[in-house]
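Chemist: With my numbering, the residue at position 296 of the sequence shown is 420, and numbering never jumps. Using N, Cα and C, we set each Cβ at its ideal position, and we do this for glycine too.
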Amino acid sequence: MATNPTDAAVTRPDTETATVKDLDHAEKPKDLEAVMSSEVGHTEGTEYTEEQYKKVTRKIDRYLMPMMFFIYGIQQTDKTFISIQALFGMETDLGLHGQQYQWLTTIFYLTFLFGEFPSTWLMQKFQIGRVLSIYVICWSICILCISAVQNWSQFMALRALQGLFESNVSPGFLLLTGEWYRTEEHAHRSLWWQASEGLFSVVCNLMLYGLARHVTANNPHIAAWRTISLFLGSLTFVGGIACFWILGSPHQVPWLNEEEKKIAATRVLDNQIGEESTSRKWRWDQVRESFTDPQVYFIVLNTFLSCIPNGGITTFSSLMYQTFGFNNWDSMLYGTPRNGIYVVCFVACAYYLRYFQDQRLYIMIVSCILPMVGMLVMSLLPNTEEYKWVKWGMYIITVVFSLAVFLGWSLITSNIAGGTKRTVVSSLTLIAYCVGNMVGSQVFRTSDAPRYVRGTVACTICFGLEVLCIIAWRLWYMRENRRRERLAAESGLSKEEQMRIGLQLGEQDTTDLANPHFRYAM
Numbered sequence: 125m126a127t128n129p130t131d132a133a134v135t136r137p138d139t140e141t142a143t144v145k146d147l148d149h150a151e152k153p154k155d156l157e158a159v160m161s162s163e164v165g166h167t168e169g170t171e172y173t174e175e176q177y178k179k180v181t182r183k184i185d186r187y188l189m190p191m192m193f194f195i196y197g198i199q200q201t202d203k204t205f206i207s208i209q210a211l212f213g214m215e216t217d218l219g220l221h222g223q224q225y226q227w228l229t230t231i232f233y234l235t236f237l238f239g240e241f242p243s244t245w246l247m248q249k250f251q252i253g254r255v256l257s258i259y260v261i262c263w264s265i266c267i268l269c270i271s272a273v274q275n276w277s278q279f280m281a282l283r284a285l286q287g288l289f290e291s292n293v294s295p296g297f298l299l300l301t302g303e304w305y306r307t308e309e310h311a312h313r314s315l316w317w318q319a320s321e322g323l324f325s326v327v328c329n330l331m332l333y334g335l336a337r338h339v340t341a342n343n344p345h346i347a348a349w350r351t352i353s354l355f356l357g358s359l360t361f362v363g364g365i366a367c368f369w370i371l372g373s374p375h376q377v378p379w380l381n382e383e384e385k386k387i388a389a390t391r392v393l394d395n396q397i398g399e400e401s402t403s404r405k406w407r408w409d410q411v412r413e414s415f416t417d418p419q420v421y422f423i424v425l426n427t428f429l430s431c432i433p434n435g436g437i438t439t440f441s442s443l444m445y446q447t448f449g450f451n452n453w454d455s456m457l458y459g460t461p462r463n464g465i466y467v468v469c470f471v472a473c474a475y476y477l478r479y480f481q482d483q484r485l486y487i488m489i490v491s492c493i494l495p496m497v498g499m500l501v502m503s504l505l506p507n508t509e510e511y512k513w514v515k516w517g518m519y520i521i522t523v524v525f526s527l528a529v530f531l532g533w534s535l536i537t538s539n540i541a542g543g544t545k546r547t548v549v550s551s552l553t554l555i556a557y558c559v560g561n562m563v564g565s566q567v568f569r570t571s572d573a574p575r576y577v578r579g580t581v582a583c584t585i586c587f588g589l590e591v592l593c594i595i596a597w598r599l600w601y602m603r604e605n606r607r608r609e610r611l612a613a614e615s616g617l618s619k620e621e622q623m624r625i626g627l628q629l630g631e632q633d634t635t636d637l638a639n640p641h642f643r644y645a646m
């Protein structure tokens with residue numbers, strides 16, 4: 125993250141495009157307050173005030189945040205709704221047996237994985253809002269069709285297509301956050317749209333609870349779990365249509381006038397991560413750098429370790445409540461407090477990070493320790509009525525583990541510069557996300573019911589390893605920032621020169637390793 129664009133230069137012989145002295149004599153950068161041209165990113169001489177920036181930012185928030193909130197929330201609900209369907213006879217109606225239920229989750233993440241690179245490439249080459257809209261509409265059709273499946277094979281085929289089309293939402297939203305918001309705003313805005321997962325779980329669980337109750341009591345000719353697909357698919361389809369008009373980069377959306385588009389593009393220049401017009405060219409040198417950058421391995425490992433528990437918990441979330449002694453209906457109701465806590469934690473962290481910078485990795489550590497304790501206690505306690513509410517409470521506190529993976533993703537937006545590199549790292553991260561979830565869905569096995577000790581112990585180990593990963597990650601950032609600060613003191617460049625050169629390199633699609641003025645967020 126270019127947390128301080130006035131920071132001094134640093135040299136990195138293996139990746140840097142110019143030494144400190146070379147940069148001192150480089151072509152003069154453009155006016156720091158210049159305006160980006162709406163066509164190709166060139167600047168004009170107009171200056172904007174902070175009040176103009178704030179006015180445009182408020183308008184951006186009014187359009188982007190609700191749309192991203194809705195799409196991300198409905199995507200998470202669509203992804204995991206089979207755990208609710210399982211409560212209402214889906215397995216019996218389709219004749220599922222053995223590990224077939226788990227494979228409905230595994231196949232989703234398998235095709236999700238294979239869809240990563242194509243979807244991110246399409247978003248880099250074409251209008252991101254249009255690509256997102258088409259993908260959302262396609263998976264909504266898959267959800268609608270699931271209501272008519274008659275056997276496991278048909279369900280598997282539709283889940284495979286659903287995973288393929290859902291693969292672009294997270295990387296697409298990370299790209300949008302980077303293009304619209306300043307570095308110090310990334311964590312705050314990301315947590316807002318990511319908090320929708322918890323809120324949608326609360327609202328949709330209650331709505332689906334009422335829907336299933338009504339259908340079960342009044343319409344015996346259609347299974348309740350089939351109506352769930354019809355309801356969610358319809359909501360998703362409407363969201364996909366709205367995406368076509370609302371989502372896009374600063375130069376693409378129809379709800380900003382030309383002057384507002386220029387202001388929106390200009391206000392994020394200090395990020396030094398590249399502007400959309402310069403980031404669309406595919407650069408193989410940035411692909412190679414993605415595999416040599418240490419932070420990329422921390423990001424990928426953190427995602428993988430966090431998603432093994434996520435895969436198991438997502439697949440067996442509703443069934444876990446049954447192991448505590450709750451029936452089908454109670455399982456939906458008693459799952460609501462957990463999702464409510466999820467929303468509160470995300471919103472609280474969003475506000476905290478709005479005012480306190482470089483605290484993301486500390487929050488990530490805490491968000492791994494709490495679920496590690498919760499899973500460990502669940503593993504040790506016997507499955508008796510006496511410990512029913514204790515185990516329920518321990519399961520409730522595991523909800524915060526999502527903060528670790530989502531805040532880790534926000535560091536991609538802040539700390540990865542260069543359009544191609546950002547695309548590659550986002551894809552690698554989502555691949556780790558898929559693999560972790562696939563492993564997690566198989567770690568919890570039907571034969572381990574009712575306690576699922578094998579799965580809960582595996583989750584405990586993953587959370588412990590994740591804590592160590594995050595600590596090493598922060599130490600690497602601290603060492604790298606200090607190294608750059610030390611060399612900056614020896615460079616002889618003034619603060620103004622450092623700022624001008626850093627902004628110029630950012631506009632030229634220079635990566636974080638190659639830009640000596642880049643500083644990493646923590």
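#1: Secondary structure at Arg603, three-state DSSP: helix, strand or coil?
#2: Given this structure, state the Cα-to-Cα distance separating Glu290 from Ile370, to the nearest angstrom.
#3: If you draw a straight line from the C-alpha of Tyr519 to the C-alpha of Val377, how long is it?
#4: Are there 16 or more other CB atoms within 10 angstroms of the CB of His375, so buried, or fewer, so exposed?
#5: Just checking my contact of Cys367 with Leu256 at CB under 8 Å: how many whole Å lie between their CB atoms?
#6: What separation, rounded to the nearest whole angstrom, lies between the Cα atoms of Asn292 and Tyr259?
#7: Rounded to whole angstroms, what is the Cα-Cα separation between Ile555 and Leu237?
#8: Give the straight-line distance between the Cα atoms of Leu627 and Ile261, rounded to the nearest whole angstrom.
#9: What span of residues does the alpha helix (DSSP H) with Leu359 cover, start to end?
#10: So the alpha helix (DSSP H) Trp379 belongs to, where does it begin and stop?
#11: Does the Cβ of Val424 have 16 or more other Cβ atoms within 10 Å, making it buried, or fewer, making it exposed?
#12: Report the start-end ranges of each alpha helix (DSSP H) in the region 180-252 that is 4 residues or longer and not cut off at the edges.
#13: How would you call His166, buried or exposed, if buried means at least 16 neighbouring beta carbons within 10 angstroms?
#14: Using a Cβ-Cβ cut-off of 6 Å (strictly less than) and excluding sequence neighbours within five positions of Ser264, which residues of its own chain qualify?
#15: So, is Tyr479 buried or exposed, given that buried needs 16 or more other C-beta atoms within 10 angstroms?
#16: Looking at Ser491 and Val524, is the spacing between their C-beta atoms short of 9 Å?
#17: Could you tell me how far apart the beta carbons of Leu354 and Met562 are, in whole angstroms, since I believe they sit closer than 8 Å?
#18: So, at 6 Å on beta carbons, what are the nonlocal neighbours of Asn463 in its own chain, with the 5 sequence-adjacent residues on each side left out?
#19: Taking 9 Å as the cut-off, decide whether the C-beta atoms of Leu535 and Gln622 are in contact.
#20: Do Val581 and Met646 have their C-beta atoms within less than 9 Å of each other?
#21: Counting C-beta neighbours from all protein chains within 10 Å, is the total for His221 16 or more, i.e. buried, or is it exposed?
#22: Would you say Trp379 and Met192 are within 9 Å of each other, going by their C-beta atoms?
#23: Asp146 to Leu629, Cα distance in whole Å?
#24: With burial defined as no fewer than 16 other Cβ atoms inside 10 Å of the residue's Cβ, what is the status of Trp408: buried or exposed?
#25: Would you tell me roughly how many angstroms separate the C-alpha atoms of Trp304 and Asp202, rounded to the nearest one?
#26: Using DSSP with H/G/I as helix, E/B as strand and the rest coil, what is Arg575?
#27: By DSSP, does Glu163 sit in helix, in strand, or in coil?
#28: Would you give the residue range spanned by the alpha helix (DSSP H) that Ser320 belongs to?
#29: List the endpoints of the continuous alpha helix (DSSP H) containing Leu637.
#30: In chain order, what residues of the same chain lie with their CB nearer than 6 Å to the CB of Ala474, ignoring the 5 residues before and after it?
#31: So does Gln622 have its beta carbon nearer than 8 Å to some heavy atom of the ligand FMN?
#32: Trp349 and Asp217 - do their beta-carbons sit closer together than 9 Å?
#33: Quick check on the DSSP output: the alpha helix (DSSP H) that includes Leu285 runs from which residue to which?
#34: Measuring straight from C-alpha to C-alpha, what distance separates Leu393 and Glu175?
#35: Identify, in the order they occur along the chain, each residue of the same chain with its Cβ nearer than 7 Å to the Cβ of Thr427, setting aside the five sequence neighbours on each side.
#36: From which residue to which residue does the alpha helix (DSSP H) around Gly542 run?
Modeler: Taking the structure as given:
#1: In the structure shown, Arg603 sits in a helix (DSSP, three-state: H, G or I).
#2: Distance between the alpha carbons of Glu290 and Ile370 is about 18 Å.
#3: Roughly 42 Å separates the two Cα atoms.
#4: His375 is buried by the Cβ-count criterion.
#5: The Cβ separation is near 5 Å, so the contact holds.
#6: Taking the straight line from one Cα to the other gives about 8 Å.
#7: Their backbone Cα atoms lie some 5 Å apart in a straight line.
#8: Each residue's CA atom was taken as its position, placing Leu627 and Ile261 some 38 Å apart.
#9: Counting along the chain, the alpha helix (DSSP H) containing Leu359 begins and ends at Ala348 to Ile370.
#10: For Trp379, no alpha helix (DSSP H) run applies, since DSSP gives it neither H nor E.
#11: It is buried - the Cβ of Val424 has at least 16 other Cβ atoms within 10 Å.
#12: Within the region 180-252, the complete alpha helix (DSSP H) runs of at least 4 residues are 206-209, 214-218 and 224-249.
#13: Note that His166 scores 41 on pLDDT, short of 50, meaning its location in the model is unreliable and no value can be drawn from it.
#14: Here the set comprises Gly357, Thr360, Phe361 and Gly364.
#15: Counting C-beta atoms within 10 angstroms of its own C-beta, Tyr479 has fewer than 16 neighbours from the protein chains shown and is therefore classed as exposed.
#16: Against a cut-off of 9 Å, the Cβ pair of Ser491 and Val524 comes out as a contact.
#17: In fact, because the Cβ distance is near 28 Å, the residues do not count as touching under 8 Å.
#18: Excluding sequence neighbours, Asn463 sits near Gly322, Ser325 and Val326.
#19: Cβ distance not < 9 Å, so Leu535 and Gln622 don't count as in contact.
#20: Result no, Cβ atoms of Val581 and Met646 do not sit closer than 9 Å.
#21: By the beta-carbon neighbour count (other beta carbons within 10 angstroms, threshold 16), His221 is exposed.
#22: Cβ atoms of Trp379 and Met192: not closer than 9 Å.
#23: Low local confidence applies: a pLDDT of 40 at Asp146 is under 50, so the model's placement there is unreliable, and no value is given.
#24: It is exposed - the Cβ of Trp408 has fewer than 16 other Cβ atoms within 10 Å.
#25: Note on geometry: alpha-carbon atoms of Trp304 and Asp202 lie some 27 Å from one another.
#26: Arg575: coil per DSSP, three-state reduction.
#27: Note that Glu163 scores a pLDDT of 38, beneath 50, so its modelled location is shaky and nothing firm can be said.
#28: Its alpha helix (DSSP H) spans residues Ser320 to Asn342.
#29: Where Leu637 is concerned, there is no enclosing alpha helix (DSSP H), because DSSP gives it neither an H nor an E.
#30: Here the set comprises His312, Leu315 and Trp316.
#31: As presented, the structure is devoid of all ligands, the ligand FMN included, so that no description of it is given.
#32: Going by C-beta atoms, Asp217 is nearer than 9 Å to Trp349.
#33: Trp276 to Glu290 is the extent of the alpha helix (DSSP H) around Leu285.
#34: The straight-line gap from Cα to Cα measures roughly 17 Å.
#35: For Thr427, where only same-chain residues beyond five positions count, the Cβ hits under 7 Å are Val529, Gly532, Thr553, Ala556, Tyr557 and Gly560.
#36: Gly542 -> no alpha helix (DSSP H), and no H or E assigned at all.
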